[in-house]
Structure formats: C-alpha cells, structure tokens
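This report refers to the structure that appears directly beneath it.
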Amino acid sequence: MQIKNKQDISLILDNFSSFAEWDAAGKKLYLVFADKKRGGQWTLMHYEGERFSVHGVGHDYGDADESFFEERNQLLSFLWDNRAALKIAIEASQVVSA
269 MQIKNKQDIS LILDNFSSFA EWDAAGKKLY LVFADKKRGG QWTLMHYEGE RFSVHGVGHD
329 YGDADESFFE ERNQLLSFLW DNRAALKIAI EASQVVSA
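Here the sequence shown is numbered in the working numbering, starting from 269 and rising by one per residue.
Okay, structure coming up:
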C-alpha cells in the first residue's frame, strides 16, 4: 500500500473497518500506530456517524482525553502528517488477519 496523497488517506478512512479492531465496550473501531514525534502511540477511533477521534500515549506523556476531529480536512491533515506510521500499522493488521 502506498499513501501518495490525501485522496489515498480518504480511501483508507472509507475502508477503515477492513483493517481496524472492534472495541465492543466503546462501540468503536480503532487502529493504533506510532507517534514518532513524541515517541509513543496514537489510537485512531471511528464512531458511528463518521466521527473520528485520536488519543496519544507514551512513556512520558498521555493525552488527558481523546480529541475529536470536527472536519474531515483536519483528520486528513493529521493522518497525512503521520502517514508512514499509519501505513506500517495498516500493513501489520493485514498480515495478522490473513
């Protein structure tokens, strides 16, 4: 899989359920990938109604709450900035499910 532009990220979001894990308690799909800037990990969550949020945690930090994306462009920009780690996580999830 290659992520060459934000349209590729849009396609990933449209097919999020094909590689994300299901959290029955939280009633959401989620994908964990590296937070390379802060040395931890991001959890991207998808709720009913096309709502997405993100939460970061690492050895020396933890976001107090998850942050919801109000606009799809914000989400696309965030994922574009983290596309290398996103790609690795998606590829790893496809190996596990194969």
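Quick reminder that beta carbons are idealized off the backbone N, C-alpha and C, glycines included.
Under the 10 Å beta carbon count, N350 is surrounded by 16 or more other beta carbons and is classified as buried. In the assembly as shown, M269 is an exposed residue. Its beta-carbon has fewer than 16 other beta-carbons within 10 Å. Judged by DSSP secondary structure, R340 falls within the alpha helix (DSSP H) whose first and last residues are R340 to D349. Leaving aside the five residues that flank G308 on each side, the residues in its chain whose CB is nearer than 7 Å to its CB run, in chain order, G324, V325, G326, H327 and Y329. Closest in C-alpha terms to N273, from the list G317, S285, E289 and K355, comes K355. DSSP places D276 in the uninterrupted alpha helix (DSSP H) bounded by K274 to D282.
In terms of Cβ geometry, W348 and I277 form a close pair [threshold 8 Å].
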